[in-house]
Amino acid sequence: MSRAFTPKVVTANDLLLGDAIWLTDEDEWTRDLARAELIEDEAHAQLRLLHAQGQPDIAVGPYLADAKAGAKGAEPVHFREAFRTRGPSNYAHGKQEEV
Amino acid sequence: MYKYNDFDEAFVRERVEQFRGQVERRIDGSLTEDEFKPLRLMNGLYLQLHAYMLRIAIPYGTLSGRQMRQLGMIADRWDRGYGHFTTRQNIQFNWPRLRDVPEILSALADVEMHAIQTSGNTIRNVTADHFAGASADEIADPRPYAELLRQWSTDHPEFQFLPRKFKIAVTGAAHDRAVIRAHDIGLQIVERDGATGFRVLVGGGLGRTPMIGKVIREFLPAEDLLPYTEAIVSVWNLLGRRDNKFKARIKITVHETGIDEIARMVEDRFAEIRPQFGGVDQQVLGEIQAQFAPPGFAAKPLDAYETAYAEDPVFRAWIDTNVAPHRRDDHAIVSISLKKHGATPGDATSAQMATMADLAERHAYDELRISHEQNVILPHVARADLPAVHAALKEAGLATANIGLVSDIIACPGMDYCALATARSIPVAQQIATRFEELKLERDIGPLKIKISGCINACGHHHVGHIGILGLDRAGVENYQITLGGDGTEDAVIGTRTGPGFAYDEIVPAIERIVDAYLSAREDPSETFLETYRRIGMEPFKAALYPEKARAHAA
Chain A
1 MSRAFTPKVV
11 TANDLLLGDA
21 IWLTDEDEWT
31 RDLARAELIE
41 DEAHAQLRLL
51 HAQGQPDIAV
61 GPYLADAKAG
71 AKGAEPVHFR
81 EAFRTRGPSN
91 YAHGKQEEV
Chain B
100 MYKYNDFDEA
110 FVRERVEQFR
120 GQVERRIDGS
130 LTEDEFKPLR
140 LMNGLYLQLH
150 AYMLRIAIPY
160 GTLSGRQMRQ
170 LGMIADRWDR
180 GYGHFTTRQN
190 IQFNWPRLRD
200 VPEILSALAD
210 VEMHAIQTSG
220 NTIRNVTADH
230 FAGASADEIA
240 DPRPYAELLR
250 QWSTDHPEFQ
260 FLPRKFKIAV
270 TGAAHDRAVI
280 RAHDIGLQIV
290 ERDGATGFRV
300 LVGGGLGRTP
310 MIGKVIREFL
320 PAEDLLPYTE
330 AIVSVWNLLG
340 RRDNKFKARI
350 KITVHETGID
360 EIARMVEDRF
370 AEIRPQFGGV
380 DQQVLGEIQA
390 QFAPPGFAAK
400 PLDAYETAYA
410 EDPVFRAWID
420 TNVAPHRRDD
430 HAIVSISLKK
440 HGATPGDATS
450 AQMATMADLA
460 ERHAYDELRI
470 SHEQNVILPH
480 VARADLPAVH
490 AALKEAGLAT
500 ANIGLVSDII
510 ACPGMDYCAL
520 ATARSIPVAQ
530 QIATRFEELK
540 LERDIGPLKI
550 KISGCINACG
560 HHHVGHIGIL
570 GLDRAGVENY
580 QITLGGDGTE
590 DAVIGTRTGP
600 GFAYDEIVPA
610 IERIVDAYLS
620 AREDPSETFL
630 ETYRRIGMEP
640 FKAALYPEKA
650 RAHAA
């Protein structure tokens with residue numbers, strides 16, 4: 001039996017800066033996971049991933065990451081994705097500088 | 100210190116310009132990421148968790164003041180004001196922008212540095228004893244041989260697409276400070292009947308299948324170094340498991356084929372290619388060796404040093420911990436700790452790099468070394484200058500007196516930076532160091548090497564830590580396994596796993612329980628952690644780590 005699909009976001013690294021980016025439902029790339037499109041349907045997720053893969057001038061290595069709905073929008077499920085929303089824990093570098 | 104000749108200079112400059120064009124073509128869309136990725140990796144440029152990372156080679160860990168200062172300039176101008184020194188004697192910048200990397204490489208070329216072969220399935224930066232050329236126990240300086248190997252392996256057409264990466268370490272002393280037994284090839288300079296040669300080990304390595312290297316040649320005449328090394332790499336290039344990345348390292352080939360059969364094949368290959376090395380390599384070696392001549396040591400009166408040692412307890416503690424014997428009695432080897440309590444192991448700010456560059460130029464005959472333990476070495480300092488060196492280090496926040504102690508922790512970048520990592524390493528190291536400083540136990544504990552890796556690839560050398568910590572992902576949660584009894588010296592041993600791992604918030608208390616168990620069990624303060632472990636074994640430490648199990652077992 002195939003595993004049930006869990007909600008996903010499309011994420012990648014920005015070509016020029018290398019930082020984490022997420023795809024919104026308006027076909028933009030955002031640096032704020034909360035603004036990412038939370039995808040609940042597997043077929044739609046594959047289409048959105050293909051859309052991301054078609055933008056190699058912006059996004060490097062797009063993939064589907066598990067996420068969940070939070071009060072302000074999409075939230076990470078796994079700690080690795082949570083780190084990608086912030087930055088390293090030894091310095092206030094990365095996205096945490098911007099918030 | 101090796102100086103680029105015209106060929107080196109032209110070669111490195113040409114690579115920079117090639118890469119500049121490749122970056123431009125990636126940005127304008129002429130190159131896809133699949134096409135660009137191998138090109139950027141050939142120039143040390145990774146894409147990590149939060150940003151690009153540029154890994155720069157510091158051949159055999161040797162730097163001049165000018166080179167160190169330039170690294171600080173790069174950190175300021177194109178990164179975020181710091182750099183990270185690694186266990187392979189490289190430096191990594193964690194935040195370069197893609198567009199800036201060609202300029203960074205150009206700035207490196209200005210000081211005879213580059214990032215070539217710091218990634219990819221090729222022969223990586225050749226590492227060496229960080230006390231090379233200075234230590235009292237050395238037979239010969241290993242760096243000329245390391246430089247010869249570097250020149251031979253750089254852009255070697257046969258070895259650019261090996262089954263996996265390949266790491267070589269060289270030491271000139273019997274006491275192994277270069278962890279040669281955990282390298283694909285480990286070379287130890289030895290003497291036989293007045294002739295210099297190498298004891299050659301092969302098939303060591305850490306990672307998911309840790310192995311200690313095996314002796315393939317007890318004595319290799321020094322003049323045969325290149326053809327014999329070429330024979331080893333060539334045999335592995337043929338036999339290496341390209342079908343399975345996890346079995347592709349030479350340690351697996353040696354294990355599966357057997358050291359005797361590998362030795363036979365290497366000897367056969369060596370016999371074939373030896374005649375092709377008609378002596379040019381020895382001429383090159385001679386030219387290299389001339390560049391590694393010892394500095395013109397200056398004798399200075401020791402009165403001020405002796406007074407400071409007698410009267411200043413802070414200076415005395417630093418001397419006793421961070422200063423090692425030099426081949427000359429009136430000189431010393433200074434280890435600058437990049438492990439200030441609570442700081443990121445291996446990181447130095449641009450200001451600290453400038454300070455270390457100044458000190459090298461003023462007090463260390465313009466030489467610095469990077470150790471595999473992520474510290475910086477001033478290899479030749481007149482003892483008379485030690486008070487001045489200490490004062491300058493103190494001002495720069497670099498005078499932490501903890502070399503070899505519990506807070507002198509190797510930690511890989513872990514999931515704070517590395518895309519491969521499965522857990523964090525750095526905050527664990529920071530918390531352990533801070534905890535033992537709070538307990539004021541560090542000096543009482545004595546020599547103790549803690550090494551932390553954030554994934555099974557073992558960049559933090561956890562297998563050879565007296566206490567090793569491996570961070571893993573267990574069902575979406577950071578989990579840390581502990582090994583005990585590892586040793587990276589000439590008596591190299593892979594540590595033994597204690598049992599189930601610990602959650603992120605449990606790992607520091609767990610390490611504290613291990614250390615407490617040692618303090619309770621040692622025969623006297625002179626017995627080190629490793630000696631105690633070897634005497635009493637794993638069980639008392641397991642009982643301390645897993646008290647519930649111990650109680651259940653006793654009931």
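These protein sequence lines are chains A and B, in that order.
Mapping of the first sequence onto this note's numbering: residues 1 to 99, in sequence order.
Mapping of the second sequence onto this note's numbering: residues 100 to 654, in sequence order.
Ideal Cβ placement from N, Cα and C applies to all residues, glycine included.
Just so it is clear, the structure is predicted and the values come from calculations on it, not from any experiment.
When secondary structure is reduced to three states using DSSP, Pro76(A) falls in the strand class. Note on Val301(B): 16 or more other CB atoms within 10 angstroms of its CB, so buried under the neighbour-count rule.
CA-CA distance, Val225(B) to Arg249(B), rounds to 6 angstroms. One Cα belongs to Ala642(B), the other to Ile566(B), and the distance between them is close to 16 angstroms. Secondary structure of Thr30(A) (DSSP, three-state): strand.
Between the alpha carbons of Glu108(B) and Glu28(A) lies a distance of about 45 angstroms. Below the 8 angstroms Cβ cutoff, chain B contributes Glu132, Leu146 as neighbours of Val60(A), in chain order. If only complete runs of 4 or more residues are kept, the stretch 425–502 of chain B shows the alpha helix (DSSP H) at 449–462, 485–494, in order along the chain. CA-CA distance, Cys511(B) to Gly378(B), rounds to 41 angstroms. Counting only Cβ-Cβ distances below 9 angstroms, Arg124(B) has no contacts in chain A at all, with the closest Cβ about 12 angstroms away. At a cut-off of 8 angstroms between beta-carbon atoms, Ser89(A) makes contact with chain B. In this structure, Ala423(B) is the residue among Lys438(B), His440(B), Ala423(B) with its C-alpha nearest to the C-alpha of Ile432(B). Near chain A, meaning a CB-to-CB distance below 9 angstroms, the residues of the stretch 523–536 of chain B are Arg523, Ile525, Pro526, Gln529.
With fewer than 16 neighbouring CB atoms inside 10 Å of its own CB, Thr131(B) falls in the exposed class. Contact annotation: the stretch 549–568 of chain B does not touch the stretch 232–247 of chain B, with fewer than three C-beta pairs closer than 8 angstroms. Secondary structure of Glu290(B) (DSSP, three-state): strand. Taking CB atoms only, Met514(B) has a neighbour in chain A less than 8 angstroms away.
Of all residues in the stretch 182–202 of chain B, those with a C-beta nearer than 9 angstroms to a C-beta of chain A are Asn193, Trp194, Pro195, Arg196, Leu197, Arg198, reading in chain order. Only residues of its own chain outside the window of five on either side were considered, and among them Asp228, Ser234, Asp236, Glu237, Ile238 have a CB closer than 7 angstroms to the CB of Ala272(B), listed in chain order. Here DSSP, grouped into helix, strand and coil, assigns Pro62(A) to strand.
The stretch 459–471 of chain B and the stretch 381–391 of chain B do not touch, with fewer than 3 CB-CB distances between them shorter than 8 angstroms. For the stretch 153–165 of chain B, the beta-carbon criterion of a distance under 9 angstroms to any beta-carbon of chain A is satisfied by none of its residues. One thing to note: Gly219(B) has its Cβ no nearer than 8 angstroms to the Cβ of Met310(B).
Flagged as an interface residue toward chain A: Tyr151(B), by a C-beta distance shorter than 8 angstroms. When Cβ-Cβ separations below 8 angstroms define contact, Arg119(B) makes no contact with chain A.
The Cβ atoms of Ile568(B) and Tyr579(B) lie closer than 8 angstroms to each other. Taking Thr270(B) as the centre and dropping the five residues before and after it, the same chain places the C-beta of Asp228, Pro241, Ala277, Ile279, Gln287 closer than 6 angstroms to its C-beta, in chain order. The C-beta of Gly395(B) has fewer than 16 other C-beta atoms within 10 Å across all chains shown, which makes the residue exposed.
As the crow flies, the alpha-carbon of Val200(B) is around 29 angstroms from that of Pro526(B). The C-beta of Pro56(A) comes closer than 8 angstroms to at least one C-beta of chain B. Short of 8 angstroms from the beta carbon of Gly61(A), and not among the five residues preceding or following it, lie these beta carbons of its own chain, in chain order: Ala12, Asn13. According to the DSSP assignment, Gly385(B) belongs to the alpha helix (DSSP H) that extends over 379–390. The straight-line gap separating the alpha-carbon atoms of Thr356(B) and His255(B) is approximately 26 angstroms.
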